[in-house]
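Going by the working numbering, the sequence shown opens with residue 3, and the numbers climb by one from there.
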Amino acid sequence: MQSSSILTNLRKGEFDTANAGRFTDSEYSIKLDNETAKEFGRDHVLEVIEHAVNAGIHGVKSSREYKDVNNKTFNVSYPHVFHNIEGLRFKLYKAEDGPLYEYPIIKIAGNKLSFGPTDNPQKPMDPLEYRVVYTINAANVGILQGLIGHKYIAKKKTSSPFLMCPQFHAQWDPAKKRIVGKSNV
3 MQSSSILTNL RKGEFDTANA GRFTDSEYSI KLDNETAKEF GRDHVLEVIE HAVNAGIHGV
63 KSSREYKDVN NKTFNVSYPH VFHNIEGLRF KLYKAEDGPL YEYPIIKIAG NKLSFGPTDN
123 PQKPMDPLEY RVVYTINAAN VGILQGLIGH KYIAKKKTSS PFLMCPQFHA QWDPAKKRIV
183 GKSNV
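Structure below.
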């Protein structure tokens, strides 16, 4: 199956309904370097989740080759399970929702791009820093759980830790527009 066939928005209504009332801000903002914020619109985020679920269902996974600190080659394909090694505290996620998945969300110079296989397997698409985190319900509809990004680390040689968009944090106060209380994650 070609990537264009999974880009269609045939189930938009189902995804919108399943995510109604969840994280209703029209824009989500995340800072990876404590200076520059990246904004992602809610519609874009839900569209990416639909794309990710469809890619997983149809087996259209995009793979990217990397080298670790020992110069050993490994592949990462998307979508895949998000293991939450950092212990990020997602506001609405419960273990009974099932595993968390991650999928790249890309916006360059204001343009929304869909991550996926390219026509040239020798030049796979770079997933860049940002990911949508979601679960999948019994109807194969993606449920938004969060937005994360790789923390900026100068001269990184391996994958850097993730940071969470504060609007998805367990201690986010929408009235105050900030995380309240003590939180190390």
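No residue lacks a Cβ here, since even glycine has one placed at the ideal position from N, Cα and C.
Being a predicted model, the structure only gives us computed values, none of them experimental.
Proximal residues to residue i (C-beta, below 7 Å), its chain only, five neighbours per side dropped
{"i": "Asn-21", "result": "Leu-48, Ile-145, Leu-146"}
{"i": "Phe-84", "result": "Leu-102, Tyr-103, Glu-104, Val-135"}
{"i": "Lys-93", "result": "Phe-170, His-171, Ala-172, Trp-174"}
Contact check, residue i vs residue j, beta carbons under 9 Å
{"i": "Ile-150", "j": "Phe-164", "result": "yes"}
{"i": "Ile-108", "j": "Tyr-80", "result": "no"}
{"i": "Phe-25", "j": "Val-143", "result": "no"}
Per-residue DSSP class, three states only, for residue i
{"i": "Phe-170", "result": "helix"}
{"i": "Asp-35", "result": "coil"}
{"i": "Asn-56", "result": "helix"}
{"i": "Glu-131", "result": "coil"}
Rounded C-alpha distance that separates residue i from residue j
{"i": "Tyr-1", "j": "Val-134", "result": "Residue 1 lies beyond the residue range present for the chain, which begins at 3 and ends at 187; the question has no answer from this structure."}
{"i": "Ala-97", "j": "Leu-90", "result": "13 Å"}
{"i": "Lys-179", "j": "Cys-167", "result": "12 Å"}
{"i": "Phe-170", "j": "Asn-73", "result": "35 Å"}
{"i": "His-46", "j": "Ile-138", "result": "18 Å"}
{"i": "His-82", "j": "Asn-113", "result": "24 Å"}
{"i": "Asp-128", "j": "Phe-76", "result": "15 Å"}
{"i": "Ser-5", "j": "Arg-13", "result": "In this prediction, Ser-5 has a pLDDT of 42, which is less than 50 and means its spatial position is unreliable; nothing more can be read from the coordinates."}
Cβ neighbours of residue i in the same chain (closer than 6 Å, five flanking residues each side left out)
{"i": "Lys-33", "result": "Ala-39"}
Where the alpha helix (DSSP H) containing residue i begins and where it ends
{"i": "Phe-17", "result": "14-20"}
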